[in-house]
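Note that my numbering gives residue 102 to position 88 of the sequence shown, counting from 1, and the numbers run on in steps of one.
Even glycine gets a Cβ: it sits at the ideal position worked out from N, Cα and C.
All figures in this text were calculated on a predicted structure; none of them were measured in a lab.
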Amino acid sequence: MNTLVYTAAIDDRYGIGKVSSRIGISQEALLFQSDTNLFNEIELAHQTETLHCILIDEAQFLTKAQVYQLTDVVDKLKIPVLCYGLRTDFQAELFEGSQYLLAWADELQELKTICDCGRKAHFVIRMNEKGEAVADGDQIQIGGNDKYLSVCRYHYKQKLNKL
15 MNTLVYTAAI
25 DDRYGIGKVS
35 SRIGISQEAL
45 LFQSDTNLFN
55 EIELAHQTET
65 LHCILIDEAQ
75 FLTKAQVYQL
85 TDVVDKLKIP
95 VLCYGLRTDF
105 QAELFEGSQY
115 LLAWADELQE
125 LKTICDCGRK
135 AHFVIRMNEK
145 GEAVADGDQI
155 QIGGNDKYLS
165 VCRYHYKQKL
175 NKL
């Protein structure tokens, strides 16, 4: 099965052009930036060799236009597209890519994360160097488990003093 893998150019936590799982499995990936025309790139690659699947990691960093381009990959090229990414940022706001994936995807499958209390973790808290929850700042700040903590809504509110 011939799969084309993409990841966001701004995410270099595991190396540039690399997708890596939490258990250490990694794969080389093509990079997308905000101005990358994914449909054109995928169509060109598909003309060279038959593609069976497209995998997009860090899909929250897609633009609205890129999500639409991916719907064209599915509808015009008949290639399935699987996107993985966060739904919301540390301020509980949707990322642009996530917003349009939620609106236009044929199917949604949530990968569940568990809060320390055992509840489903829907929220992400950004932590500063002292381990304190941060409520303000730029939406995009690349970091791994050392900067972000997955929590349930109750603990999200508690850690940000919103209870």
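Legend entry - Boundaries of the beta strand (DSSP E) in which S48 is found, first to last residue: Run containing S48: none; DSSP gives neither H nor E here.
Legend entry - First through last residue of the alpha helix (DSSP H) which encompasses T85: 78-91
Inset, instruction - Return the CA-CA distance between Q172 and E72, expressed in angstroms with no decimal places. - result: 28 Å
Legend entry - Span separating the alpha-carbon of D152 from that of T17: 33 Å
Legend entry - Contacts around Y20, its chain only, beta-carbon distance under 8 Å, and the 5 residues preceding and following it disregarded: A43, L44, L45, F46, L52, I68, L69, I70, D71
Legend entry - Of the residues V88, C129, A119, the one placed nearest Y98, counting alpha carbons only: A119
Inset, instruction - Along the beta strand (DSSP E) that carries S112, what are the first and last residues, could you check? - result: S112 -> not in any beta strand (DSSP E); alpha helix (DSSP H) instead, spanning 110-118.
Inset, instruction - Can you give me the start and stop residues for the alpha helix (DSSP H) that Y168 sits inside? - result: 167-173
Legend entry - Status (buried if at least 16 other CB within 10 Å, exposed otherwise) for C131: exposed
Inset, instruction - Identify every residue that forms a DSSP beta bridge with M141. - result: A147
Inset, instruction - Under the assumption that F109 contacts I139 (Cβ atoms under 8 Å), give the Cβ distance between them as a whole number of angstroms. - result: At roughly 16 Å, the Cβ-Cβ gap does not stay under 8 Å, so F109 and I139 are not in contact.
Inset, instruction - Helix, strand or coil for I56, going by three-state DSSP, please let me know. - result: helix
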